[in-house]
Amino acid sequence: DVKVTQSSRYLVKRTGEKVFLECVQDMDHENMFWYRQDPGLGLRLIYFSYDVKMKEKGDIPEGYSVSREKKERFSLILESASTNQTSMYLCASSWDRGDSPLHFGNGTRLTVT
Amino acid sequence: GENVEQHPSTLSVQEGDSAVIKCTYSDSASNYFPWYKQELGKRPQLIIDIRSNVGEKKDQRIAVTLNKTAKHFSLHITETQPEDSAVYFCAAPRRGGGADGLTFGKGTHLIIQP
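Protein sequences, first through last, are from chains A and B.
Residue numbers for the first sequence, in this note's numbering: 5 to 117.
Residue numbers for the second sequence, in this note's numbering: 513 to 626.
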């Protein structure tokens with residue numbers, strides 16, 4: 005069974021802080037994704053990566069960056085956290101880029117005060 | 513890019529009755545349509561998916577139908593049970609040909625009334 009692990013379940017940060025969200029998958033998937041989930045808005049794609057050191061912007065990349073130094077690890081970075089980035093962040097992986105199932109982590113609930 | 517609309521946003525049904533959730537998509541090149549279930553406090557999990565070469569797929573009490581001409585697909589749950597209470601999301605490839613992740617609908621909160 006695919007396992008996607010996010011390093012923190014809950015995180016509280018202050019405005020202006022640099023924030024790192026970590027995600028690791030154990031199925032040798034090429035593709036990894038970061039989504040943001042907000043009530044009434046569903047899941048929105050922030051960034052994705054289809055190979056080590058490769059990254060692509062999703063639908064809402066502003067204020068975020070990513071890093072993929074190893075195949076199994078995909079990090080989401082908030083360069084300067086703001087209160088409107090308070091949200092649930094979900095990492096996912098898949099063996100194909102768009103027409104295969106996504107396997108999600110448990111999510112990180114980030115609060116920026 | 514793909515645009516996915518999902519209705520209704522909330523659906524309340526009596527236990528034992530059927531539930532239907534509908535989604536429409538905009539890109540006629542889209543070829544893969546998954547449905548995810550998210551229970552309270554848990555991760556979204558795939559429950560069923562369909563590819564564009566078939567019109568219907570069933571798995572026990574759940575089924576998905578696809579109408580490519582009208583560009584819509586639906587989730588059907590029969591004989592609903594309390595454990596079916598959750599938020600359900602439909603999705604389609606973000607760029608119709610199957611690349612670059614999935615675009616999700618905004619979700620349907622399904623409530624099963626005892």
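Cβ atoms here follow ideal geometry from the backbone N, Cα and C, with glycine treated the same way.
Linking K583 (chain B) to G20 (chain A) through their CA atoms gives a straight-line distance of about 44 Å.
Between S586 (chain B) and V576 (chain B), the alpha-carbon positions lie close to 5 Å from each other. Bounds of any beta strand (DSSP E) do not take in Q89 (chain A), whose DSSP letter is neither H nor E. When DSSP states are grouped into helix, strand and coil, D32 (chain A) belongs to the coil group. S524 (chain B): member of the beta strand (DSSP E) spanning T522 to Q526, first to last residue. Within its own chain, the residues whose Cβ lies closer than 7 Å to the Cβ of T90 (chain A), once the five positions on either side in sequence are excluded, are L114, T115 and V116, listed in chain order. For the pair S521 (chain B) and H107 (chain A), the Cα-to-Cα distance works out to about 24 Å.
It is roughly 6 Å from the alpha-carbon of E527 (chain B) to the alpha-carbon of I624 (chain B). Using a Cβ-Cβ cut-off of 8 Å, L80 (chain A) does not count as an interface residue toward chain B, since no Cβ of chain B sits closer than that to its own. One alpha carbon belongs to G553 (chain B), the other to D561 (chain B), and they sit about 23 Å apart.
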